[in-house]
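2 protein chains.
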Amino acid sequence: MQSKPTTIKEIAKILKISPSSVSRGLHDHPSIGAVTREKIKQLAKSLSYQPNNAAILFQKGKTYTIGVILPELSEHFFSTAISAIEDEALKKNYTVIFAQSHDNYEQEVKLVEKMKNQRVDGLLVSISKDTSNFDHFEKLNTFNIPVVFFDRIPPFKNVHYVACSLETATVKALNYLLKKGHRSIGMINGPATLFASEERKDGYIQAISFNRLKFDPSLIVNCDLTEKGTIEAANEFLNHKRKPTAIVAFNDYVALFLIKYFKKLNVINDFDIVSYANLPIISYIDNSPIASVEQYPYLQGQKAANILLDLMANPNPENQAFFNTIVESDLIVNEVNK
Amino acid sequence: MQSKPTTIKEIAKILKISPSSVSRGLHDHPSIGAVTREKIKQLAKSLSYQPNNAAILFQKGKTYTIGVILPELSEHFFSTAISAIEDEALKKNYTVIFAQSHDNYEQEVKLVEKMKNQRVDGLLVSISKDTSNFDHFEKLNTFNIPVVFFDRIPPFKNVHYVACSLETATVKALNYLLKKGHRSIGMINGPATLFASEERKDGYIQAISFNRLKFDPSLIVNCDLTEKGTIEAANEFLNHKRKPTAIVAFNDYVALFLIKYFKKLNVINDFDIVSYANLPIISYIDNSPIASVEQYPYLQGQKAANILLDLMANPNPENQAFFNTIVESDLIVNEVNK
DNA sequence: CTAAATTAATCAAACGTTTGCGTGATATTT
DNA sequence: AAATATCACGCAAACGTTTGATTAATTTAG
């Protein structure tokens, strides 16, 4: 017994009124009398009428869908962020579709195109590692599809974005280490192209100079964030003329590689390690980073989603104000090492 | 300068032919001549025509969308599975929308309803912890929306599902521990309502009796899978008259709680721990489980998606055959402890 | 008591695409 | 040369809903 969903037309026929009246009745349009309105609503309920979304979307030319493009869904940061995005979207009855760039620029370009074709009403993006050209997002402007970047953002201000200030976070991390007495602090930074790398570097320099210490550029090493790259960076520090006593790792994954390597070399106790991301797992490992920068992925996702929902609700015509939201990050000191 | 997407009508007008011919031309319909066809395709390309999806969906009464409902996106298992689902769906040009039940039955019911209203063509579901009633899925049958369950499946066979045989996985785990000489093995099981708990229990009993040992029911403790619940379960074992020397934890998260607690009590070396899930992170912690059951989330997601895509492609009328796919799970022995 | 305003509903178009049916024109078979 | 088949395309309806314009009936104002 195949059920076909009830339509407005059917309700109209039964009630011997026009489909438009039914539509208006269901939407509490003032031009429909209270009596008729109630009749309509009752019948709709008893026939368990559900509006045909596809028809509405088509009619309105909106999809009530927001697209999310991010590098890697299975990374804790992103799955948490998207979880927040989904929650926020649901509140406003929006649907979320997502796709992974797998940190590949070409894939990202394709996905932006696909999202545009899917006619998403708006887009949330965390850009891929090797994206340095942003033309594919420019194109969306012409189609009036708003874009909000989060966490991995382009290095300029004339876009909407939500991100952590990694610069101040890095200052916090450095100050924490300096207060502990460390005077030679290494930093495993990401690829120089990443804005996030720049911020970390700036924070490092800022903290060093604020404390009237001499900045040694060779203590900041760029790294491709792989295990191999991490080991290479580690070796640089081990052979450094001013061998650091503390290391700031680009993120918890790098920290894990580093810890694994240092354990193997049995030098793990020679270093205090501080990291970024604050993966929940970190607190379970021995010799874990003594502190990690919490970047609040859920909050970031939430804010980005809300900005986008706002932008879609009020399609701002000429008003070219850009929402640049900074989520304050915190240095979480690992309790075990307090 | 607002761009509006190109439509078939516009192409038709420029070429002075009918919209239907354009549509047919683009779809290589035989009744359109080769010359006209090429003209159409060229113009479409140069105007960068993109079919209006909403219109097509509406017209065809299909959405080319599959819904995914799962408990918690940020869990590694699920984010990996959904990553696979997305990849498979993309190949067949389907779009994925997803929602999280947050392990809440009422939420799950709502989401099923929402998915139905969104007119998804099919549904992939991993059920919530406290779902024991399945009427909300029954309803989908009447609307001819196929459902494939994966990993967290209902405890009966007359549905489509993909899952690991946790029973045989548990047998493997038990045998491994028995071979290592353990004679009293504790199990921290999940809530009794979960099918996965039942399977673990059955596997436990099966392995015990196969090895002609006496089964002691008090060595299997149900647990709500929280940290608190885990500690309670651990205490039962610590005070047990036949204190176990090995413990099978419901999953890696429970194992982490357990390890943390045992470390605190300084009894971590009294136990061998085996777990389920095989989180990548596990290999980085000290005193990690000596083995973990790999449940192949990517594979499960992939298979479930393909079954669903098949079901949607061939809407089987009377043919009530149910796809029950078992993914063989493996016991991964942690190399460090080999 | 007529004119204007309000109320309650209807009509018809529109959104973009697909598809069954029809129709001339040309080509092929008797 | 007449009958038939094939080709290439157009017509129009349909999918379900929304919405601006319109109408008819009733109420209010002047």
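Sequences listed follow chains R and Z, in order. Per our numbering, the first sequence runs over residues 1 to 338. Per our numbering, the second sequence runs over residues 1001 to 1338. From the three backbone atoms N, C-alpha and C, an ideal C-beta is built for every residue, glycine too.
Counted within 10 angstroms of its Cβ, other Cβ atoms place residue i as buried (16 or more) or exposed
| i | result |
| --- | --- |
| T226(R) | exposed |
| I1066(Z) | buried |
| I68(R) | It should be noted that the sequence gives Val, not Ile, for residue 68(R). With 16 or more Cβ atoms within 10 Å of its Cβ, V68(R) is classed as buried. |
| L1265(Z) | exposed |
| N1235(Z) | exposed |
| G1061(Z) | exposed |
| N1239(Z) | exposed |
| F1143(Z) | exposed |
| D1272(Z) | buried |
| S132(R) | exposed |
| A321(R) | exposed |
| G1229(Z) | buried |
| G33(R) | exposed |
| L194(R) | buried |
| K1303(Z) | buried |
Neighbourhood of residue i by C-beta, 7 Å cutoff - its chain only, sequence neighbours within 5 removed
| i | result |
| --- | --- |
| E1294(Z) | N1278, S1329, D1330, I1332 |
| I1008(Z) | P1019, V1022, S1023 |
| Y64(R) | L57, N93, Y94, T95, D121 |
| N1324(Z) | K1157, Y1161 |
| K1039(Z) | L1015 |
| F1237(Z) | G1186, K1243, P1244, I1247 |
Supposed close pair residue i, residue j - CB separation, criterion 8 Å
| i | j | result |
| --- | --- | --- |
| V274(R) | S292(R) | 7 Å |
| V147(R) | V159(R) | 7 Å |
| A207(R) | V171(R) | 5 Å |
| L57(R) | K41(R) | No, L57(R) and K41(R) are not in contact; Cβ-Cβ is about 23 Å, not under 8 Å. |
| I231(R) | F257(R) | 7 Å |
| P244(R) | I153(R) | With 8 Å as the limit, P244(R) and I153(R) do not qualify as a contact, their Cβ atoms being about 30 Å apart. |
| Q1050(Z) | N141(R) | Between N141(R) and Q1050(Z) the Cβ distance is about 17 Å, and since that is not below 8 Å, they are no contact. |
Pairwise C-alpha distance: residue j and residue i
| i | j | result |
| --- | --- | --- |
| K129(R) | D224(R) | 10 Å |
| K263(R) | P217(R) | 26 Å |
| I1188(Z) | F1150(Z) | 23 Å |
| S21(R) | A54(R) | 20 Å |
| S48(R) | T6(R) | 7 Å |
| I1247(Z) | K1260(Z) | 14 Å |
| T1036(Z) | K1045(Z) | 14 Å |
| A1196(Z) | V1221(Z) | 14 Å |
| P30(R) | T95(R) | 30 Å |
| S79(R) | H1102(Z) | 14 Å |
| Q59(R) | S74(R) | 36 Å |
| D1087(Z) | F1137(Z) | 25 Å |
| N175(R) | V1120(Z) | 53 Å |
| L1166(Z) | F1156(Z) | 15 Å |
| S209(R) | R242(R) | 18 Å |
| K180(R) | D1252(Z) | 35 Å |
| G1190(Z) | P1071(Z) | 15 Å |
| I1011(Z) | K139(R) | 22 Å |
| L1123(Z) | G1203(Z) | 30 Å |
| K1201(Z) | K1214(Z) | 14 Å |
| S1126(Z) | I1097(Z) | 14 Å |
| S1003(Z) | Q100(R) | 27 Å |
| D135(R) | I1145(Z) | 40 Å |
| D270(R) | A173(R) | 18 Å |
| L1090(Z) | I1285(Z) | 36 Å |
Proximal residues to residue i (C-beta, below 8 Å), its chain only, five neighbours per side dropped
| i | result |
| --- | --- |
| L994(Z) | This structure cannot speak to residue 994(Z), because chain Z is shown only from 1001 to 1338. |
| N334(R) | I282, S283, S288, P289, I290, A291, S292 |
Residues of its chain near residue i, where Cβ-Cβ distance is below 6 Å and the 5 sequence neighbours each way are ignored
| i | result |
| --- | --- |
| C164(R) | Q295, V327, S329 |
| P1297(Z) | F1077, T1080, A1081 |
| I1268(Z) | F1262, N1287 |
| L1309(Z) | K1092 |
| E199(R) | L166, E167 |
| K1338(Z) | For K1338(Z), the predicted model reports a pLDDT of 38, less than 50, meaning its position is unreliable and no value from the coordinates is stated. |
- Task: Output, in sequence order along the chain, the residues in the region 54 to 71 of chain R whose CB is closer than 7 Å to any CB in chain Z.
- Result: A54, A55, L57, F58, T63
- Query: For the region 1221 to 1253 of chain Z, which residues have a beta carbon sitting closer than 9 Å to at least one beta carbon of chain R?
  - Reply: Listed in sequence order: no entries.
- Query: According to a CB-to-CB cut-off of less than 8 Å, which residues of the region 93 to 106 of chain R neighbour chain Z?
  - Reply: T95, V96, I97, F98, A99, Q100
- Item | Interfacial residues, the region 9 to 34 of chain R to chain Z, with Cβ spacing under 9 Å | none
- Message: Under 7 Å, CB to CB, which of the residues in the region 1129 to 1158 of chain Z have a partner in chain R?
- Response: Under the 7 Å Cβ criterion, the region 1129 to 1158 of chain Z contributes T1142, F1143, N1144.
- Check distances from the C-beta atoms of the region 1279 to 1296 of chain Z to those of chain R and list, in chain order, the residues that come in under 7 Å. I1281, Y1284, I1285, D1286
- Quick one, which residues of the region 1039 to 1052 of chain Z are near chain R if we go by CB-CB under 9 Å, in chain order? Q1050, P1051, N1052
- Query: Using a beta-carbon distance cut-off of less than 7 Å, what residues from the region 255 to 281 of chain R approach chain Z?
  - Reply: L256, K260, I281
- May I ask you to list, following chain order, the residues of the region 1072 to 1087 of chain Z that have a beta carbon less than 9 Å from some beta carbon of chain R? E1072, L1073, S1074, E1075, H1076, F1078, S1079, T1080, I1082, S1083, E1086, D1087
- Item | Where the region 109 to 120 of chain R meets chain Z: residues whose CB sits under 8 Å from a CB there | K116, N117, Q118, R119
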